[in-house]
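Those sequence lines, one after another, are chains C and S. Under my numbering, think of the first position of the first sequence as -3, with each following residue one higher. Under my numbering, think of the first position of the second sequence as -3, with each following residue one higher.
Number of protein chains: 2
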Amino acid sequence: MERPAKAFDLVPLFAALADRTRLRLLNLMRDREVCVCYFVEILRQGQPKISRHLAYLRRAGIVSTRREGRWMHYRIEWPTDAKASAILDTTLTSLRADRQMQADLARLTEACCQPQRFVTLQGAPPPRPLEATGSNA
Amino acid sequence: MERPAKAFDLVPLFAALADRTRLRLLNLMRDREVCVCYFVEILRQGQPKISRHLAYLRRAGIVSTRREGRWMHYRIEWPTDAKASAILDTTLTSLRADRQMQADLARLTEACCQPQRFVTLQGAPPPRPLEATGSNA
DNA sequence: CGTTCGTATTCGTTAAAGCGAATATATGCG
DNA sequence: CGCATATATTCGCTTTAACGAATACGAACG
C-alpha cells in the first residue's frame, strides 16, 4: 500500500462542513460562481452573517473569490487531495435530497432568470456557470 | 432525479469528525471492536478525555457499545444513509496515509499480540475483529 | 474628495467545545 | 458489604463558534 509522506488534514474541512448555513452556501455554488448579494437574497439572511460563513469556508480553503468592482464572487475550490474532494463531492450529492437545498436552488434559478423580481439584485452580476473543466458537480 | 422526502443530516457527522483525537479513535476501530482501556493505552491519553470523545462519537451515532463486565467495547456503527456511510468510509481510507494513524494501528496490533507488554492491558479483553458482514473497511 | 454601494470585520453576548483534575457510577470479588 | 477496577460524567477554566448589531473597508462615481 502506498504511504505518502504527508497526509491531508481533513479536520478543517469537516469543521467547515459542520454548519448548515455553510452547506447551503456550498449547495448554491455547486456549479456556479455566485456573488455575495445573491447568497444574501437566496438564503434570506443578513449580509454580515453570510460574509462570516464565507470567511470560514475561505479559511478551510474550499472556496475562492473573484472581485468584480463592488461585487465579490465565490466559487467552490475543489481540494487537491482526492479523498477530501470526494468527501466534498459526496456531500454536495447528498444535499440534492434535501428539501431546503432544493428550494434554495430553485430560488437561485429564478433569481438568475428574473433578477428584476428581487430588489437587492438590481444591477448585480448574475451567477456565472462554471466551465466544465475541473467541475465535480 | 429521485427526491426522497427526508434528507440525512450530515452536520452532526461532520462535527464528530472535526477532531483529530476522534479520527484517531475511529481509525483504531476500522475493523475491530476495541475496549476503552486499549484506546487509552494506544493513544497514550487520559481516560476521561478518551471517554469524553467517545461520548461525542456516540452522540453522532457512529459508534455503538457492548459492555463486558467492567469493560466497555466500542465499534463503528455505519450510518444507514449511503452518503454518510461513504463519507465515513472515505475518511477512514484517507487516514491510512497518515503517519500517526499508521503508528497507532501498529501499536494496536502489537498490543493485541503481546498485551503483557502493556501494564494497563493485563486481563483486559483484546480487540475483537469485526465479522465480514456489514464491514466497510 | 464626498457620497453611495457592496462586503468584510468588529463588538458584545451566549453557547458549545475542549482540557486537566476531580468525582460519580457501574461491575466484580472476597 | 467494603474494596478494587474500569469507565462515564462533572467541575472549573479557556478557547472557539455563532449570532445580531454596529462599524470598517473597498470600489465606483460625479
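Beta carbons are placed, not taken as given, at the ideal position from N, Cα and C, and that holds for glycine.
In this structure, DSSP gives residue 125/C an extended state, which the three-state scheme calls strand. Against chain C, the beta carbon of residue 94/S has neighbours under 8 Å at 3, listed in chain order. In the three-state reduction of the DSSP assignment, residue 58/C falls in the coil class. Among the CB atoms of chain S, none fall inside 8 Å of the CB of residue 27/C. Under the DSSP definition of a beta bridge, residue 67/C partners with 64/C. Residues of chain C whose Cβ lies closer than 7 Å to the Cβ of residue 82/S are, in chain order, 86. Residue 36/S is not bridged by DSSP to any residue. In this model, residue 31/C and residue 54/C are separated by some 14 Å (Cα to Cα).
About 35 Å separates the Cβ atoms of residue 4/S and residue 107/S, ruling out a contact at the 8 Å cut-off. If you look at residue 28/C, you'll find it in the beta strand (DSSP E) that goes 28 to 31. Around the C-beta of residue 44/C, fewer than 16 other C-beta atoms lie within 10 Å, and the residue is accordingly described as exposed.
With distances taken between CA atoms, residue 66/S lies nearest to 121/S out of 76/S, 19/S, 126/S and 121/S. Between the alpha carbons of residue 19/S and residue 74/C lies a gap of roughly 22 Å.
One alpha carbon belongs to residue 82/C, the other to residue 116/C, and they sit about 35 Å apart.
Ranking 103/S, 88/S, 113/S and 69/S by CA distance to the CA of residue 22/S puts 88/S first.
Membership of residue 98/C in the alpha helix (DSSP H) is indicated by the continuous run 95 to 109.
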